[in-house]
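For the record, the sequence lines run as chains G and A.
Residue numbering for the first sequence follows the UniProt record's numbering, beginning at 1 and increasing consecutively.
Residue numbering for the second sequence follows the UniProt record's numbering, beginning at 1 and increasing consecutively.
Backbone N, C-alpha and C fix where the C-beta goes; we use that ideal spot for every residue, glycine too.
Owing to the predicted nature of the structure, the values given are computational and were not obtained by experimental measurement.
2 protein chains.
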Amino acid sequence: MSERRQTPVRVALLGCGTVGSEVARRLLGDAEELAARVGAPIELTGIAVRRPDKHPELPKELLTADASGLVESDVDVVIELIGGIEPVRGWLLTALRKGKSVVTGNKALLAEYGAELSAAASESGADLYYEAAVAGAIPLLRPLRESLAGDRITRVMGIVNGTTNFILSAMDSTGASYAETLDEATRLGYAEADPSADVDGYDAASKAAILASLAFHTRVTASDVYREGITGISASDIVAAQRLNRTVKLLAICERVAEGPEASESVSVRVHPVMIPRTHQLAGVGGAFNAVYVEAEAAGELMFYGQGAGGAPTASAVLGDLVAAARNRVAGGRGPRESMHAALPVRPMGETPTRYHISLDVADKPGVLAQIAQVFAVHDVSIAAVRQRDKHSTASLVVVTHLARDAALEATVNEISKLDVVREVVSVMRVEGEDS
Amino acid sequence: MSERRQTPVRVALLGCGTVGSEVARRLLGDAEELAARVGAPIELTGIAVRRPDKHPELPKELLTADASGLVESDVDVVIELIGGIEPVRGWLLTALRKGKSVVTGNKALLAEYGAELSAAASESGADLYYEAAVAGAIPLLRPLRESLAGDRITRVMGIVNGTTNFILSAMDSTGASYAETLDEATRLGYAEADPSADVDGYDAASKAAILASLAFHTRVTASDVYREGITGISASDIVAAQRLNRTVKLLAICERVAEGPEASESVSVRVHPVMIPRTHQLAGVGGAFNAVYVEAEAAGELMFYGQGAGGAPTASAVLGDLVAAARNRVAGGRGPRESMHAALPVRPMGETPTRYHISLDVADKPGVLAQIAQVFAVHDVSIAAVRQRDKHSTASLVVVTHLARDAALEATVNEISKLDVVREVVSVMRVEGEDS
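This is how it looks when you write it as structure tokens:
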């Protein structure tokens, strides 16, 4: 292009794991193509790694163990792919305060200190981009922040953690237990040696906080997110879902909630297992894929689908952000600020309207359903459907409720579990989506 | 927000049909929320319509029949929702040359004069946004232009015209003829009185040109796009597809093509009916919905799904662009320029590799298949599958080919149709996607 300037945009890379090494490879290998898209050369000036001697594939002169020094050096953009809170937080704040733009995929840091980082970026006029933090390669944050900026998003619901989706998909197709399936996932490399961040829902909760913040113009942190993982999901839960022609997914759900026409709005942000109909488009999302539904007042229903993790897909998101930040450097502008003007309150989980599926083994005698139904009535929980069937000397009873306060549903289940006629609470899970 | 400035961003609206009236309603009704997102008030200064007296629902003082005067007036952003080439092209060029940003959904104009408009925007530093031009509410162009700016897109394939998708979906489920189904679509308001722009593929071809331009950094105009509509699709074609567990969709296909390892790249941009497997995710996109698959080297396979038309959904895209343009005004920057640096040649359809499905009624006697197979061999077309079955005194023969030059496939079909043993060519259609 005739508009190409010669002064390069100088880039520092912090971290060189699966994603970082892919980013480095593209920056070094596709320099000409990136330069054409930015309108100026992109120069990778340094790569901070813990052990520079462990990266023989990279140019020696670029490697350094001094991340702090690299951040302080003469660079325009800092790409951070190390992860974790400290010391990364300090480095990125330093970079932003000095006017250097930051591209990061650090969901934990953003979900905790997003406000602080965003304020630092705002003050110095630097860009803070983090498309890679949620749903890997899927362009999701930019559409939420920019494309839908003139609409009112009412709901974001999606599969944002590949490890748990792999485990749940496998449990659904094999009937194996959670423990067996986790072992298999670990062996295949889909789960880490310490799988807690994934299976306990921390990773998804960080992503939910980021999604809700952008969707509702409201700062939501990870600690605001109600979180349940998948470690309690049993083979019985999966069978219970299958009997209803449903499947179990770990969903991140962010929604606007308003009680009554006059009530002020709040947002519910949560991560928990959900039974969804097999006909639901999220039900067909298998293995390590991610998919996110977005509902907006004017746009209606949108879906975004793609690879949620992996070196190359995540590097695609990082490089997209880098090109945006670099273009802004060249053009002298900056990307849109985060707009947290709505500042809606986050609704406690107990006050959030949800629907429950409850599967019980009960005594096979008359009056049992009446007794159980009475407990629902006392807690003001309306029953949508009941299915009963004999099974040896006990009977199996399945109840699906209408929407009710989550705390009322929980209290109902607690009370029911104490009834003499209830032999066992086989499965309790929230449900989303209409049966077709 | 404390950052809010008081000087408003002044906006002119050209056209007030289905989409325009929804945009006007939101601009007038949600002013406070839009102002919070932009960081400055948005002021709608005028609405140009053909007959101002026909819009009693709008403030009288805003309405004018003088679009040209409105464009020349003191406004920062011009939203154009009139459509067509002239006189709109002149107005938008005037606006851009005077540094006014333009938001438009005019796919025909962009597919024809995108380069001229883009150059005018570039010279004056104004923004030119047109998310509404392709796939209505689905955030698609911004992801292509920005999120994937650091990746290499290899393929964009999608359902981008709701009218034809409605007709083909209905033909597939009812077995009715094209003519009957078009009548029904017109009665239901899914097809216009003159349906040519949709059913002859012009609308989809304009969108394909826009998609290919952004995806491949290469200026592609509507006249570069190979185009076949759906008017020739018969109930027999639908049945032929169903027998192969496939369905017929009108697809816009944009792909990079390189012949041999040393060959330079070109792009193929085309719109035509395609048989795709029923298991393909695009096969399940029914009614007036749109869905677009994007394949990129690093990101892998992505899908975007949502409403492709309608007042409110399209207004969502327009207002997203307006907020972006207005934010740039407030921040003093501008959005990323279009980058057409690759300038790849557009491959003629005849030279494009495609696969054909051919369904024939042939004489039921020995040697017929050998005779037909010989024609394929002469044209260097490799056969992937053959299915033959008796049907009274003739036999039905179905051939699916491997990839071959489209011109070779066409020549093969022509020659086969002249064979004495061929009673009728029942259906010829291109196929995409592997059978599962």
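For this session: Just the C-alpha distance for Ala197(G) and Ala317(G), rounded to the nearest angstrom, thanks.
Result: As a first step, residue 197(G) must be located in the first sequence, where it is residue number 197. As a first step, residue 317(G) must be located in the first sequence, where it is residue number 317. Per the coordinates, the alpha-carbon of Ala197(G) lies some 22 Å from the alpha-carbon of Ala317(G).
Problem set entry | Extent of the continuous alpha helix (DSSP H) to which Glu184(G) belongs | As a working mapping, residue 184(G) is identified with position 184 in the first sequence. Tyr178 to Arg187 is the extent of the alpha helix (DSSP H) around Glu184(G).
Exercise. Excluding five sequence neighbours on each side, which residues of the same chain lie with their C-beta closer than 7 Å to the C-beta of Gly20(G)?
Worked result: As a first step, residue 20(G) is located in the first sequence; it is residue number 20 there, counting from the start. Closer than 7 Å at the Cβ level, and outside the excluded window around Gly20(G), lie Leu13 and Leu81.
Exercise. Which stretch, first to last residue, makes up the alpha helix (DSSP H) that contains Arg26(A)?
Worked result: For this step, residue 26(A) is matched to residue 26 along the second sequence. Run containing Arg26(A): Thr18 to Gly29, per the alpha helix (DSSP H) assignment.
Problem set entry | Own chain, CB closer than 6 Å to Ile253(G), minus 5 neighbours either side, in chain order | Here the question's residue 253(G) lines up with position 253 in the first sequence. Around Ile253(G): Met157 and Arg270.
Exercise. Gly286(A) CB to nearest chain G CB: under 8 Å?
Worked result: In the second sequence, the residue the question calls residue 286(A) occupies position 286. It does not; no Cβ of chain G falls within 8 Å.
For this session: Just the chain G side, please: which residues come within less than 7 Å of Arg327(A) by C-beta, in chain order?
Result: Along the second sequence, one-based indexing puts residue 327(A) at 327. Correct list: Pro336.
For this session: Would you identify the three-state DSSP class for Val421(G), choosing helix, strand or coil?
Result: The residue labelled residue 421(G) in the question sits at position 421 within the first sequence. Under the three-state reduction of DSSP, Val421(G) is assigned to coil, being neither helix nor strand.
Problem set entry | Same chain, Cβ closer than 8 Å to Ser436(A), five either side skipped, listed in chain order | Counting from 1 along the second sequence, the entry for residue 436(A) is found at position 436. Summary for Ser436(A): the model assigns pLDDT 45, below 50, so the residue's position carries little reliability; its value from the coordinates is reported in the next sentence. Cβ within range, chain order: Pro277 and Thr279.
Exercise. If we call anything under 8 Å between Cβ atoms a contact, is Val134(A) one with Val102(A)?
Worked result: Numbered from its first residue, the second sequence carries residue 134(A) at position 134. Numbered from its first residue, the second sequence carries residue 102(A) at position 102. Taking 8 Å as the Cβ cut-off, Val134(A) and Val102(A) do not qualify as a contacting pair.
Exercise. Roughly how many angstroms lie between the CA atoms of Thr218(G) and Glu338(G), to the nearest whole one?
Worked result: As a first step, residue 218(G) is located in the first sequence; it is residue number 218 there, counting from the start. As a first step, residue 338(G) is located in the first sequence; it is residue number 338 there, counting from the start. Cα-Cα distance, rounded: 10 Å.
Exercise. In terms of DSSP beta bridges, what is Pro353(G) paired with?
Worked result: The residue you call residue 353(G) lines up with position 353 of the first sequence. Under DSSP, Pro353(G) takes part in a beta bridge, and its partners are Arg405(G).
Exercise. From Ser2(G) to Pro41(G), what distance separates their C-alpha atoms?
Worked result: The residue given as residue 2(G) occupies position 2 in the first sequence. The residue given as residue 41(G) occupies position 41 in the first sequence. Any answer about Ser2(G) is weak, because its pLDDT of 45 lies below 50 and its placement is not dependable; what the coordinates show is given next. Roughly 13 Å between the two C-alpha positions.
Exercise. Are the CB atoms of Leu96(A) and Thr104(A) nearer to each other than 8 Å?
Worked result: For this step, residue 96(A) is matched to residue 96 along the second sequence. For this step, residue 104(A) is matched to residue 104 along the second sequence. Not a contact, by the Cβ cut-off of 8 Å.
Exercise. In three-state terms, what does DSSP make of Gly99(G)?
Worked result: For the purposes of this step, residue 99(G) is taken as residue 99 along the first sequence, with counting starting at 1. It is coil, neither helix nor strand.
For this session: For Gly287(A), name the three-state secondary structure that DSSP assigns.
Result: Here residue 287(A) refers to the residue found at position 287 when the second sequence is read from its first residue. Coil at Gly287(A), not helix or strand.
Exercise. Just how far apart, CA to CA, sit Glu86(G) and Leu144(G)?
Worked result: Taking the first residue of the first sequence as position 1, residue 86(G) is located at position 86. Taking the first residue of the first sequence as position 1, residue 144(G) is located at position 144. The alpha-carbon atoms of Glu86(G) and Leu144(G) are separated by roughly 28 Å.
For this session: Specify, as a first and last residue, the run of the alpha helix (DSSP H) that Ile210(G) falls within.
Result: As a first step, residue 210(G) must be located in the first sequence, where it is residue number 210. Unbroken alpha helix (DSSP H) run through Ile210(G): Tyr202 to Phe216.
For this session: Flag Asp380(G) as yes if its beta-carbon sits less than 8 Å from any beta-carbon of chain A, otherwise no.
Result: What you label residue 380(G) is simply residue 380 of the first sequence in a count that begins at 1. With respect to chain A, the C-beta atom of Asp380(G) has no partner C-beta closer than 8 Å.
Exercise. So with Cβ pairs under 8 Å, would you call Ile138(G) a contact of chain A?
Worked result: Within the first sequence, the letter at position 138 stands for residue 138(G). Closer than 8 Å to some Cβ of chain A, the Cβ of Ile138(G) qualifies, so yes.
Exercise. Does DSSP put Val49(A) in a helix, in a strand, or in coil?
Worked result: To locate residue 49(A), count along the second sequence from 1; it is residue 49. In the structure shown, Val49(A) sits in coil (DSSP, three-state: anything other than H, G, I, E or B).
Exercise. Where does the unbroken beta strand (DSSP E) through Arg10(G) begin, and where does it stop?
Worked result: As a first step, residue 10(G) must be located in the first sequence, where it is residue number 10. From DSSP, the beta strand (DSSP E) with Arg10(G) extends over Val9 to Leu14.
Exercise. By Cβ distance below 8 Å, which residues in the same chain neighbour Asp151(A) in space, the five residues on each side in sequence not counted?
Worked result: In the second sequence, the residue the question calls residue 151(A) occupies position 151. The answer, listed in chain order, is Ala296, Glu297, Ala298 and Ala299.
Exercise. What does Arg270(A) pair with, by DSSP beta-bridge criteria?
Worked result: Reading the second sequence from its first residue, position 270 is the one you call residue 270(A). Under DSSP, Arg270(A) takes part in a beta bridge, and its partners are Tyr226(A) and Ile253(A).
For this session: Please classify Val375(A): is it buried, with 16 or more other beta-carbons within 10 angstroms of its beta-carbon, or exposed?
Result: Taking the second sequence and counting its residues from 1, one reaches residue 375(A) at position 375. By the neighbour-count rule (16 or more Cβ atoms within 10 Å), Val375(A) is buried.
Exercise. So what does DSSP say about Pro366(A), is it helix, strand or coil?
Worked result: Position 366 of the second sequence, counting from 1, holds the residue named residue 366(A). If DSSP states are grouped into helix, strand and coil, Pro366(A) belongs with coil.
For this session: Quick one: using the 10 Å Cβ neighbour count with 16 as the cut-off for buried, is Glu228(A) buried or exposed?
Result: Here the question's residue 228(A) lines up with position 228 in the second sequence. With 16 or more other Cβ atoms inside 10 Å of its own Cβ, Glu228(A) counts as buried.
Exercise. By Cβ distance below 6 Å, which residues in the same chain neighbour Thr7(A) in space, the five residues on each side in sequence not counted?
Worked result: Residue numbering aside, residue 7(A) sits at position 7 when the second sequence is read from its first letter. Residues of the same chain with their beta carbon placed closer than 6 Å to that of Thr7(A) are lacking, with the five preceding and five following residues left out of the count.
Exercise. Rounded to whole angstroms, how far is the Cβ of Lys249(G) from the Cβ of Leu282(G), which I believe are closer than 8 Å?
Worked result: Working through the first sequence from its first residue, we reach residue 249(G) at position 249. Working through the first sequence from its first residue, we reach residue 282(G) at position 282. Right, the Cβ-Cβ distance comes to about 6 Å (below 8 Å), so this counts as a contact.
Exercise. Is it a yes or a no for the segment 408-419 of chain A touching the segment 347-366 of chain A, going by three-plus beta-carbon pairs under 8 Å?
Worked result: yes
For this session: With 7 Å as the C-beta to C-beta threshold (strictly closer), list the residues of the segment 149-160 of chain G near chain D in chain order.
Result: No chain D is present in this structure, whose protein chains are G and A.
Exercise. For a contact meaning CB atoms closer than 8 Å, what does Gln6(G) contact in chain A?
Worked result: By one-based count along the first sequence, residue 6(G) stands at place 6. Result: empty, since nearest Cβ-Cβ is about 16 Å, beyond 8 Å.
Exercise. What is the DSSP secondary structure of Tyr190(A), reduced to helix, strand or coil?
Worked result: Position 190 of the second sequence, counting from 1, holds the residue named residue 190(A). DSSP places Tyr190(A) in coil when its eight states are reduced to three.
Exercise. Closer than 8 Å, CB to CB, is Met1(A) near chain G or not?
Worked result: As a working note, residue 1(A) is residue 1 in the second sequence. Here Met1(A) scores only 41 on pLDDT, less than 50, and its place in the model is too uncertain to base an answer on.
Problem set entry | Partners in chain A for Tyr305(G), counting only beta-carbon separations shorter than 7 Å | One-based indexing of the first sequence puts residue 305(G) at position 305. Going along chain A in sequence order, the residues near Tyr305(G) (Cβ under 7 Å) are Leu302 and Met303.
For this session: Note down, in chain order, each residue of its chain lying with its Cβ closer than 7 Å to the Cβ of Arg405(A), except the 5 sequence neighbours on either side.
Result: Numbered from its first residue, the second sequence carries residue 405(A) at position 405. For Arg405(A), where only same-chain residues beyond five positions count, the Cβ hits under 7 Å are Gly350, Glu351 and Pro353.
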